[in-house]
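**Q** Quick one: this structure, given as structure tokens, is what I'll be asking you about.
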Amino acid sequence: MAYQALYRVWRPQRFDDMIGQEVITRTLKNAITTNQISHAYLFAGPRGTGKTSAAKIFAKAINCHHQQDGEPCNECDTCKAITDGTLNDVIEIDAASNNGVEEIRDIRDKVKYAPTVADYKVYIIDEVHMLSTGAFNALLKTLEEPPANVIFILATTEPHKIPATIISRTQRFDFKRIAANDSYQRMIYILDQKKVTYDEQAIKVIAKAAEGGMRDALSILDQALSFGDNEITLDNALLVTGSVTHELLATYVQQVLSGDTKAALATLQSVLEAGKDAERFTEDVISYARDLLLYQQAPQLVEGAEMGSVSDDFQALAKKTPAQTMYAMINELNAIQQQMRFTTHPDVYLEILTIKLAEIGRQNGAAPVATAVPATPNAEAPSAPQPAAESSDVTELQHEIDQLRSAVKHLEQAPSTAKAAAAPAKPRVTKSAPAKEVNLAKIYPVLGSATREKLNQLQEVWPDLLNSLSITQRAVMKVSQPVAAANSGVIVAFDYSFLYQRATTDHELTDALENGLDRMIGTALPVVFVPKEDWPTIRKNYLTAHKAELQANSDTPAEPEKPAENPVVTKAEELFGKDIVNVKAD
Ligand SMILES: [Zn+2]
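Under the UniProt record's numbering, the letters of the sequence shown match residues 1 to 586, in that order.
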């Protein structure tokens, strides 16, 4: 028999089997037993939180003739057919693959016909936000005049993308992320049933990595299972999730908070060398910093979320780090995480991140220990349980955790947009104004006397030069390269403008480079930086501006053998080599 994925085998078949959505399941069961069924439902929430499972259970329960307390029997032909997906009256549509108007028109045509076998015809439209505008309009027409015995269940991870006209015609249910402890319990249950041995710590790692999605948790569990021989070890769990051990994370955060850039970069190096994913690592650091912040305000919430494993290191760190340092760190992490999405060099960002975080740590290192916790922006904060109070109401705590988390999330987002709005304080190089930031007065003279030969020489020594730098400086220079060189200077381009920014303001770095060049090629060649994205424009502008000059030079008998060639192109090739000169006819 082919192996069946855990999340399929263990997909809930009854409302009571569903994890972490008690309010929703109770309401739906109640609607069924009291026969107060709506024509259209909207199930919104993160992926893997049980939206489609709930939709199918609902479809079964309203059609099952042996329904009890709102639960389907799962034994009758109707129930079985719906479970197998073979009942024609329950139609599942994935809007992600069918976003055309045609499919919805098809629904409109067929919706008129009464169900053939079941009592109710149920349309389950998954990822409904993916529908095209035309399809939404067609769907709206159907929802405006709903035929009897037809129920629509619209499921989505992005409810804000659904037109308000549609939402207003549905009964909305918001599915919550599943608490790590709930998915932990569920996995333990499944593993016990399967008689698989496991390390509890490993299951905790998986529960946390799944970030509130039960389906994700089970998929990761599946992978971890396929690694080990009927057992789940911590090593395998860490390997599959790409997570960094808590100790290593604690070490890293401790190092950046104490401003020890060198040690933090070394830790980062070993994390990356162990094959950890850069984005995953950032995610882990964010969640660690967020937990530190949360711990200062309400320790029992973190203890609950961490399933009781809060280390001494963590507690000490939470005690001595001012909240504003943590906020600054989270902002920085969040900004870098955004930038990392669009890069093929996430490692470079991590190094810069480390330097920035250590700077934050250094700046705030002298700050006094936070004694008073700043008021949370959450309006409901005053009702938050006091740390001393022994609250046994886990659900309430969970609710508080969710609120605090989303408050922190808002804080994470708000300052970064505010920063973007108040940009003038910290100028950035943008595409629209390339030349503004760049020092043309230094660049043009180099271009004027640049030679291919000199550039070759620089490119040859460049890797050695970078190796001679400090670990911090090397992190900044890692993706730089010399693009033009003369006896009067060298122009160095950067792949990322934030690295360019960083380099231009770092005079120690410039000194180190020039001293290094002095040792390697015998001259302390002045170094000028440019962002790579601006380089073609700068070069082109230079060539255009000096066209006449170049023309004149090439008319001299110095180069009589190439009279027919375009002198500008010749000059460009001389400067940059044939491989990088593209001649565009204009
Ligand atoms: Zn049944």
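All residues carry an ideal CB built from backbone N, CA and C; glycine is no exception.
#1: Cα-Cα, which of Asn515, Leu513, Gln481 is closest to Glu533?
#2: Does the beta carbon of Pro72 fall short of 6 Å from some heavy atom of ligand 1?
#3: Near Val128, what residues of its chain come up, given a Cβ to Cβ distance below 6 Å and the 5 sequence neighbours on each side ignored?
#4: Measuring straight from C-alpha to C-alpha, what distance separates Lys121 and Leu292?
#5: Do the region 278 to 291 and the region 223 to 235 meet, that is, are 3 or more Cβ pairs less than 8 Å apart?
#6: Using a Cβ-Cβ cut-off of 7 Å (strictly less than) and excluding sequence neighbours within five positions of Ile355, which residues of its own chain qualify?
#7: Name the two residues that bound the continuous beta strand (DSSP E) containing Val479.
#8: Please return the same chain residues whose Cβ sits closer than 7 Å to the Cβ of Val302, not counting the five positions on each side in sequence.
#9: Leaving out five residues on either side along the sequence, give the residues of the same chain with a beta carbon under 7 Å from the beta carbon of Val111.
#10: Taking 6 Å as the cut-off, is the C-beta of His160 nearer than that to any heavy atom in ligand 1?
#11: For Ile32, I'd like the list of residues in its chain whose CB is within less than 8 Å of its CB, leaving aside the five on either flank, ordered along the chain.
#12: If you measure from the CB of His246, is any heavy atom of ligand 1 nearer than 6 Å?
#13: DSSP on Gly361, reduced to helix/strand/coil?
#14: For my contact list, Gly50 and Met187 are in at a C-beta cut-off of 8 Å; report their separation, rounded to the angstrom.
#15: Quick one: Cα of Thr505 to Cα of Asp511, how far?
#16: Along the chain, where does the alpha helix (DSSP H) containing Gln67 start, and where does it finish?
#17: Beta-carbon within less than 7 Å of Ile107's beta-carbon, same chain only, minus the 5 sequence neighbours each way: which residues are those?
#18: Is His66 close to ligand 1? I mean its beta-carbon at under 6 Å from any heavy atom of the ligand.
#19: May I ask you to report which of helix, strand or coil DSSP gives Arg280?
#20: If we cut at 7 Å on Cβ distances, does Phe529 have a partner in chain C?
#21: Rounded to a whole number of angstroms, what is the C-alpha to C-alpha distance between Gln363 and Val101?
#22: Tell me whether the beta-carbon of Pro463 lies closer than 7 Å to the beta-carbon of Gly212.
#23: For the beta strand (DSSP E) that Arg172 lies in, which residues bound it at each end?
#24: On the three-state DSSP scale, how would you describe Val446?
#25: Can you grab the Cα-Cα spacing for the pair Leu357 / Glu273, in whole Å?
#26: What does the alpha-carbon distance come out to for the pair Val483 and Met130?
#27: Go ahead and label Ala5 buried or exposed: buried means 16 or more other beta carbons lie within 10 angstroms of its beta carbon, across all protein chains shown.
#28: How about Ala217 and Ile206: do their beta carbons lie closer than 7 Å?
#29: Which class does Asp222 belong to by DSSP, given the choice of helix, strand or coil?
#30: Does the count of Cβ pairs from the region 443 to 462 and the region 519 to 530 closer than 8 Å reach three?
**A** If we stick to the structure as given:
#1: Position 533 of the sequence shown, counted from the start, is the residue given in the question as residue 533. Nearest option by C-alpha distance: Gln481.
#2: Taking the first residue of the sequence shown as position 1, residue 72 is located at position 72. Pro72 Cβ: within cutoff of ligand 1.
#3: Within the sequence shown, the letter at position 128 stands for residue 128. Counting only Cβ-Cβ distances below 6 Å, and skipping sequence neighbours, we find Ala95, Leu154, Thr156.
#4: The residue given as residue 121 occupies position 121 in the sequence shown. The residue given as residue 292 occupies position 292 in the sequence shown. Roughly 50 Å between the two C-alpha positions.
#5: no
#6: Your numbering for residue 355 matches position 355 in the sequence shown. For Ile355, where only same-chain residues beyond five positions count, the Cβ hits under 7 Å are Thr261, Thr472, Ala475.
#7: The residue given as residue 479 occupies position 479 in the sequence shown. Unbroken run through Val479: none, as it is neither H nor E.
#8: Against the sequence shown, residue 302 aligns to sequence position 302. Excluding sequence neighbours, Val302 sits near Asp291, Leu294, Tyr295, Val310.
#9: Position 111 of the sequence shown holds residue 111. Same-chain partners within the cutoff: Thr142, Pro147, Val150.
#10: Start at 1 with the first residue of the sequence shown, and residue 160 comes out as number 160. His160: no, Cβ never under 6 Å from ligand 1.
#11: Position 32 of the sequence shown, counting from 1, holds the residue named residue 32. Closer than 8 Å at Cβ, skipping near neighbours: Phe58, Ala61, Ile62, Gln67, Gly70.
#12: Counting from one through the sequence shown, the residue named residue 246 turns up at place 246. The answer is no for His246.
#13: Stepping through the sequence shown from its first residue, residue 361 is reached at position 361. Three-state DSSP puts Gly361 in a helix.
#14: For this step, residue 50 is matched to residue 50 along the sequence shown. For this step, residue 187 is matched to residue 187 along the sequence shown. That pair is no contact at about 15 Å.
#15: The sequence position of residue 505 within the sequence shown is 505, counting from 1. The sequence position of residue 511 within the sequence shown is 511, counting from 1. One C-alpha to the other measures close to 12 Å.
#16: Along the sequence shown, one-based indexing puts residue 67 at 67. Unbroken run through Gln67: none, as it is neither H nor E.
#17: Position 107 of the sequence shown, counting from 1, holds the residue named residue 107. Contacts found: Tyr123, Thr142.
#18: On the sequence shown, residue 66 is found 66 positions in, with the first residue counted as 1. His66: yes, Cβ under 6 Å from ligand 1.
#19: Taking the first residue of the sequence shown as position 1, residue 280 is located at position 280. In the structure shown, Arg280 sits in a helix (DSSP, three-state: H, G or I).
#20: Judged by its chain identifiers, the structure shown contains no chain C, having just a single protein chain.
#21: For the purposes of this step, residue 363 is taken as the residue at position 363 of the sequence shown. For the purposes of this step, residue 101 is taken as the residue at position 101 of the sequence shown. Cα-Cα distance, rounded: 57 Å.
#22: One-based indexing of the sequence shown puts residue 463 at position 463. One-based indexing of the sequence shown puts residue 212 at position 212. It is not a contact, given that the beta carbons lie outside the stated cut-off.
#23: By 1-based counting over the sequence shown, the position of residue 172 is 172. Run containing Arg172: 171 to 174, per the beta strand (DSSP E) assignment.
#24: Counted from its first residue, the sequence shown places residue 446 at position 446. Val446: helix per DSSP, three-state reduction.
#25: Taking the first residue of the sequence shown as position 1, residue 357 is located at position 357. Taking the first residue of the sequence shown as position 1, residue 273 is located at position 273. Rounded to whole angstroms, Leu357 to Glu273 spans 21 Å at the Cα level.
#26: Stepping through the sequence shown from its first residue, residue 483 is reached at position 483. Stepping through the sequence shown from its first residue, residue 130 is reached at position 130. Taking the straight line joining both Cα atoms gives about 45 Å.
#27: In the sequence shown, the residue the question calls residue 5 occupies position 5. Ala5 comes out exposed.
#28: In the sequence shown, residue 217 corresponds to position 217, counting from 1. In the sequence shown, residue 206 corresponds to position 206, counting from 1. Yes, these two residues count as a Cβ contact at 7 Å.
#29: Taking the sequence shown and counting its residues from 1, the one referred to as residue 222 is at position 222. Asp222 falls in the helix class under three-state DSSP.
#30: yes
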